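In the working numbering, the protein residues as written are 4 to 422.
Note that CB positions come from ideal geometry on N, CA and C, so glycine has one too.
Owing to the predicted nature of the structure, the values given are computational and were not obtained by experimental measurement.
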Amino acid sequence: MEQNIQDAFANAREQIKHACNMYDECRLDLNKYELISHPRRIIEVNIPVRMDDGLIKTFVGFRSQHNDARWPFKWGIRFHQDVNRGEVKALSMWMTFKCAVIDIPLGGGKWGVIVNPKELSDGELERLSRGYVRELYKYIGPETDVPAPDVNTNPKIMAWMMDEYSKLVGKYSPGSFTGKPLTSGGSAGRSTSTAQGGVYVLEKILMLSGDEIKGKKVAIQGAGNAGLVMAQLLVDLGATIVGISDSKGGIFNENGINIEKISEIKNNRGSVVEYEDAKQLDPKGVLTVGCDILIPAALENQIDAKNAKKIQAKYILELANGPVNSEADAILFDAGITVIPDILANSGGVMVSYFEQVQNNLNYYWEASEVDAKLHKKITEATEKVYHTAKEYNTFLRSAAYIVAMKRVFDAMKDRGEV
Ligand code: NAD
């Protein structure tokens, strides 16, 4: 796992370097690459939690702040047993460029706690979540650093954290965390925003390529908040889900998988492998099945030089962060496979998180249709900009997305006198 984690950070730096080499402003000024290829600050904390048996257990957490030129830091909180420093650094770098490519005024950060939350009771999880805020509340806040959910964290956890923060600072502060339930200052549409944004990006790229979603066969790795919602939205648009997986394994049926049944299984805390009418695969097997569109929606570094050659899809939409490494990128490009990069493809979540913050500041809440219209407009404009930049620079979509984002980050740094 250590290897994987180092890879995520090396991968993030490699992606930035590749884009820097194509973009004159950065290529001709090496200081620019130096300034954006490291996070500014990493904090490690130990969070003591009283477990149900009365014993204290200490959990280790990392928080990385990459760049705040477009202020304030924005980031997701990951609870996972494999979290470590390199992964958190990589995720904070991707967040800076994600916010910039969709042009929302936020910087890049990330938080991760080494814990398998499935092994904790609800009470232990709440004490860990509140303990985390006590360790960090002096460094976070609506105008400095605003967390949101990521792998294994959810609206309930965000509500506990917001509540703890509000108590510590002595005032109700809904804008301190996003991804909250509606009853605690959440935004309509936030829980489906990552997948919905992914659908809008996919629709636009297919349209610009003279193609459409209807009739496409789709395989998805990961059946969580991002992957499962995406599956349902694509079925609604006339696609067929032929493969899906979770951490226990995967399934494949070229005639289609019933996503409502999969949702039922997952809602009962089951695994997709319990679905009967499909061939069983290992968790990575779903990446190489016969399909038109492949959607990695689990963890980073899933597609590498080894399995990239076996991919049959024509399009890959990176709903997960960092699922394709740099070696695989080159192989997929040579094979004519279009990779729609994470910093654009999964940006719907942070976009609606930003809308949530705006609504919290206004103390006025928008209808779901208003949130959706704003998401659609902004993410479609960003997709067009990335697509045309790829044509202009004769490069693939990932480097084009970084070029668009880097220009905005450097402009902000220049205006603030940092470069
Ligand atoms: P989640 O915890 O809800 O779901 C993750 C899913 O991946 C689960 O079904 C899990 O079983 C599965 N999984 C884990 N390891 C796997 C493996 N080795 N093989 C196959 N499946 C595996 O998490 P999520 O919120 O859906 O996030 C998934 C990805 O999307 C992450 O990379 C995350 O950073 C990214 N993302 C999520 C959001 C969001 O709003 N949730 C926003 C942007 C990006």
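- Residue side-chain check: Asn-349 places its Cβ nearer than 7 Å to a non-hydrogen atom of the ligand NAD.
- Between the ligand NAD and the CB of Thr-147, the shortest heavy atom gap is not smaller than 7 Å.
- At the C-beta level, Val-289 and Ala-222 come within 8 Å of one another.
- For Ala-151, the enclosing beta strand (DSSP E) begins and ends at 148-152.
- For Thr-195 and Gly-351, the gap between their C-alpha atoms comes out near 9 Å.
- Counting C-beta atoms within 10 angstroms of its own C-beta, Val-172 has fewer than 16 neighbours from the protein chains shown and is therefore classed as exposed.
- In the DSSP assignment, Gln-305 falls outside any alpha helix (DSSP H), carrying neither H nor E.
- For Gln-224, the Cβ falls inside the 7 Å cut-off from some heavy atom of the ligand NAD.
- Beyond the five residues adjoining it in sequence on each side, Pro-286 comes within less than 8 Å, by CB distance, of Gln-224, Ser-248, Asp-249, Ser-250, Lys-251, Gly-252, Gly-253 and Ala-301 in the same chain, given in chain order.
- Under the three-state reduction of DSSP output, Tyr-175 falls in the coil class, being neither helix nor strand.
- Of the heavy atoms belonging to the ligand NAD, at least one sits nearer than 7 Å to the Cβ of Asp-153.
- Straight-line spacing of the CA atoms in Ile-244 and Asn-119 works out to 29 Å.
- Within the segment 95-161, the complete beta strand (DSSP E) runs of at least 3 residues fall at 110-117 and 148-152.
- Contact between Ala-22 and Ile-346 fails: their C-beta atoms lie close to 11 Å from each other, not under 8 Å.
- For the options Gly-178, Met-354 and Ile-298, the alpha carbon positioned closest to that of Arg-193 is the one of Met-354.
- Judged by DSSP in its simplified three-state form, His-83 adopts strand.
- At least 8 Å separates the beta-carbon of Ile-262 from that of Leu-297.
- Cβ neighbours of Leu-335 within its own chain (closer than 6 Å, five residues either side excluded): Ala-311 and Val-342.
- Annotation for Ala-229 indicates a beta carbon within 7 Å of some heavy atom of the ligand NAD.
- The beta carbon of Pro-344 sits closer than 7 Å to those of Glu-321, Leu-400, Arg-401 and Ala-404, all from its chain and outside the five residues before and after it, given in chain order.
- Annotation: the continuous alpha helix (DSSP H) that includes Lys-394 extends over 371-396.
- Ser-40 is not bridged by DSSP to any residue.
- Residue burial is scored here from C-beta neighbours: Leu-284 has at least 16 other C-beta atoms within 10 angstroms and is therefore classed as buried.
- With fewer than 16 other Cβ atoms inside 10 Å of its own Cβ, Tyr-142 counts as exposed.
- Excluding five sequence positions before and after Ile-340, the CB atoms of its chain that fall closer than 8 Å to its own CB belong to Ile-314, Ala-316, Lys-317, Tyr-318 and Ile-319, given in chain order.
- Annotation for Val-52: Ile-59, Lys-60, Thr-61, Phe-62, Glu-127, Arg-130, Leu-131 and Gly-134 place their beta carbon closer than 8 Å to its own, counting only its chain and skipping 5 residues before and after.
- Ranked by Cα distance from Gln-360, the options Ile-105, Glu-146, Ile-117 and Lys-170 are led by Glu-146.
- For the pair Val-116 and Gly-64, the CB atoms are nearer than the 8 Å cut-off.
- For Ile-260, the three-state secondary structure derived from DSSP is coil.
- Assigned with DSSP and collapsed to three states, Phe-65 falls in strand.
- C-alpha of Asn-256 to C-alpha of Leu-185: approximately 37 Å in a straight line.
- Secondary structure note for Ile-208: its alpha helix (DSSP H) is the uninterrupted segment 196-211.
- For Lys-410, no beta strand (DSSP E) segment is defined; the enclosing uninterrupted segment is the alpha helix (DSSP H) at 400-418.
- Cβ contact annotation for Lys-92 (same chain, cutoff 6 Å, sequence separation greater than five): Phe-12, Pro-42 and Ser-67, in chain order.
- Cβ-Cβ separation between Ala-308 and Glu-330: approximately 4 Å, consistent with a contact (criterion under 8 Å).
- Non-local beta-carbon contacts of Gln-305 in its own chain, meaning distances under 8 Å to residues more than five positions away in sequence, involve Gln-224, Lys-287, Leu-290, Pro-299, Ala-323, Pro-326 and Val-327 in chain order.
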